[in-house]
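Visitor: This structure is in structure tokens; I'll ask about it shortly.
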Amino acid sequence: MKLLRFALAVVLAYGAHMLLVRLFPSTGSVINFPTIVLVLFARKSSVLGAALFGGSLGWANDALAGSLYGLHGIAGTLAGAVCARAAQQVSFRQPALLTTMFAVAVVFQEVVVASLMRLLFPDPPAPDPMWALLSAVSTALVGGVFVLGLRRVETRWRRYRRVRRPKIRFQGRRA
Amino acid sequence: MGNRGELILVAALLLGQLIFLAAQIQDPDNQDTLLDRAAIGLTTPVASGIDGAVRAGEGVLLGLRDRASLKRENEALHAQIELLQKRTAEHQDALVELSRLQESLGYQPPLEQEVRVARVVFANHRALLRRLVVRLLDEGDTEFAKRSPGSAVVTEDGLVGRVITWLPPNARVQLVTDRSSSVGVMVARTRRQGLLRGAGDALLLDYLPMQADVREGDRIVTAGIDGVYPRGVTVGTVISVRAGPELFHEVVVAPAVDFGRLDQVFLLGNEAPPQELMDGELEITQGPGSTASTTDREGGAGQ
């Protein structure tokens, strides 16, 4: 069930990415939706599970963008493992902490990708710190708003279920 | 599983990916790999479905918002169609005249180029490798991929790139701005040829000697010398010319196409010259009954 939800979240994340890129071609990819999915799933998973989630998100990115396979895979694997480990140490119930985690995950992945390129390529393209910062802030904001919205929906649903009267009938009479 | 076991597995996962990544860098020329085909086959249907949904949503929104302006635009387009029909009739007369003249002069016009329309399905303009995934509008046309394996990709503005992997009806396109892309080009004003290579967002024109006349604002077009791109397609405009460290200019070219706004592209059929001819190994006929390969001739010349 978790895998199915993850697959659905990945499709939604890339759908949102494609919609934004279509609407705002030059700035649309500033919000890193896959990282939001990664953090949300990694915080409730084991280190290995989160690494696998991160790795598959990275590979999806590499496969779609025609990039070198494993470049974002490694970044995603590391980011997932670190997120899960951090979630085991600190509780991410507070929205502010979770929002910070979105931003940190974006920057962390950018740093890993830049380091790998420096390690593997003789003349790597220079990383763009401004873009990374902008991406971290916007992803954190969108992720934060999404988590708050999700919590509100969950709270309402729980309240509705609590106050809902059970409709059990015994021999045609309402209990 | 304990924490230690998990960490070992994560480390193994990372190491495996790192080795795989390093293996790909060892062989950068091999772009059309089985893995790449599998990746296109797995991801493109999903991406195409999402793209279709996004387009449908856009269409509905646009229809609701721009209904009045669409009506006006429709009327204007009808008027334009009438005008163009008149012009087409004039052009047809001119074509008849032209073919009559060609016949009288014995001129053989070049073959018409095959063109296919494709939709951009996925693009990530911040990725390390500048590539796109496109999908042919005519999804049943698988023969085109066989005929044109390295098809050139253009828009009405100019050159976009070339197909590097086909999985009909999908294809992965390498943009001209990709760091591993190079195009044989010439300065349109002077016909001076050079090699244009991708540099991320801009293009660099190499091997243009210091004595060559090149200026800011010069239009750069394909030279048709690389066996991939047809001659005369606009690639970009020169935005800066500086003296390089050696005997060549350092020329920066801005692409003619805004890659961020790509929606539909045209794939050109390419009748590439035989590979043997490109490698210099094709047998040439010297006269009736006698043949010799170009490599033989090179050997003979050396003797």
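Top to bottom, those sequences are chains A and B.
Going from the first sequence to my numbering is simple: count from 1 and add 1.
Going from the second sequence to my numbering is simple: count from 1 and add 214.
All C-beta atoms in this analysis are idealised placements derived from N, C-alpha and C, irrespective of residue type, glycine included.
Against chain C, does Arg281 of chain B count as a neighbour if the rule is that its beta carbon must be under 8 Å from one of theirs?
Guide: In the structure shown, chain C does not exist; the protein chains are A and B.
Visitor: Go ahead and pull the three-state DSSP assignment for Phe25 of chain A.
Guide: Phe25 of chain A: coil per DSSP, three-state reduction.
Visitor: For Gly230 of chain B, collect the residues of the same chain with a Cβ closer than 8 Å to its Cβ; drop the 5 residues on either side in sequence, then sort them by chain order.
Guide: Nothing listed; no residue qualifies.
Visitor: Near Leu346 of chain B, which residues of its chain fall below 6 Å by C-beta distance, leaving aside the five closest residues on each side in sequence?
Guide: The answer, listed in chain order, is Val334, Ala337 and Val387.
Visitor: Provide the residue span of the alpha helix (DSSP H) that contains Thr78 of chain A, from first to last.
Guide: From DSSP, the alpha helix (DSSP H) with Thr78 of chain A extends over Leu72 to Gln90.
Visitor: Any idea if Glu430 of chain B is buried or exposed, counting beta-carbon neighbours within 10 angstroms, 16 or more meaning buried?
Guide: It counts as exposed.
Visitor: Should Leu117 of chain A be labelled buried (16 or more other beta-carbon atoms within 10 Å of its own) or exposed?
Guide: Under this definition Leu117 of chain A is a buried residue.
Visitor: Report the rounded CA-to-CA distance for Leu79 of chain A versus Phe54 of chain A, giving the unit in angstroms.
Guide: For Leu79 of chain A and Phe54 of chain A, the distance between alpha carbons rounds to 10 Å.
Visitor: Around the Cβ of Phe25 of chain A, are there at least 16 other Cβ atoms within 10 angstroms (buried) or fewer (exposed)?
Guide: Classification for Phe25 of chain A: exposed.
Visitor: Only counting runs of 4 or more residues, tell me where the alpha helix (DSSP H) segments fall wholly within the segment 87 to 143 of chain A, in order along the chain.
Guide: If we require 4 residues or more, the alpha helix (DSSP H) runs fully inside the segment 87 to 143 of chain A come out as 96 to 121.
Visitor: Does Leu389 of chain B come out as helix, strand or coil in the three-state DSSP assignment?
Guide: Leu389 of chain B falls in the strand class under three-state DSSP.
Visitor: So the candidates are A:Tyr161, A:Val108, A:Arg23 and A:Leu99; which of them puts its Cα closest to the Cα of Gly144 of chain A?
Guide: Per the Cα distances, A:Leu99.
Visitor: Name the DSSP bridge partner or partners of Ala332 of chain B?
Guide: Paired residue(s): B:Leu350 and B:Val479.
Visitor: Answer with yes or no whether the minimum CB distance from Gln316 of chain B to chain A is below 8 Å.
Guide: Not closer than 8 Å to any Cβ of chain A, the Cβ of Gln316 of chain B fails to qualify, so no.
Visitor: Is there a Cβ of chain B sitting closer than 8 Å to that of Pro26 of chain A, yes or no?
Guide: Yes, Pro26 of chain A lies at the interface with chain B (some Cβ there is under 8 Å from its Cβ).
Visitor: Touching or not, the segment 399 to 408 of chain B and the segment 431 to 438 of chain B, by the rule of three or more beta carbon pairs under 8 Å?
Guide: With a cut-off of 8 Å, the segment 431 to 438 of chain B and the segment 399 to 408 of chain B count as touching, because enough Cβ pairs lie within range.
Visitor: What span of residues does the alpha helix (DSSP H) with Leu275 of chain B cover, start to end?
Guide: Where Leu275 of chain B is concerned, the enclosing alpha helix (DSSP H) stretches over Leu248 to Arg279.
Visitor: Taking only three categories from DSSP, how would you classify Ser318 of chain B?
Guide: Here Ser318 of chain B sits in helix by DSSP.
Visitor: May I ask you to report which of helix, strand or coil DSSP gives Ser30 of chain A?
Guide: In the structure shown, Ser30 of chain A sits in a helix (DSSP, three-state: H, G or I).
Visitor: Whether or not the segment 469 to 476 of chain B and the segment 368 to 376 of chain B are in contact is what I'm after, with contact meaning three or more pairs of Cβ atoms, one per stretch, closer than 8 Å; do they touch?
Guide: The segment 368 to 376 of chain B is in contact with the segment 469 to 476 of chain B.
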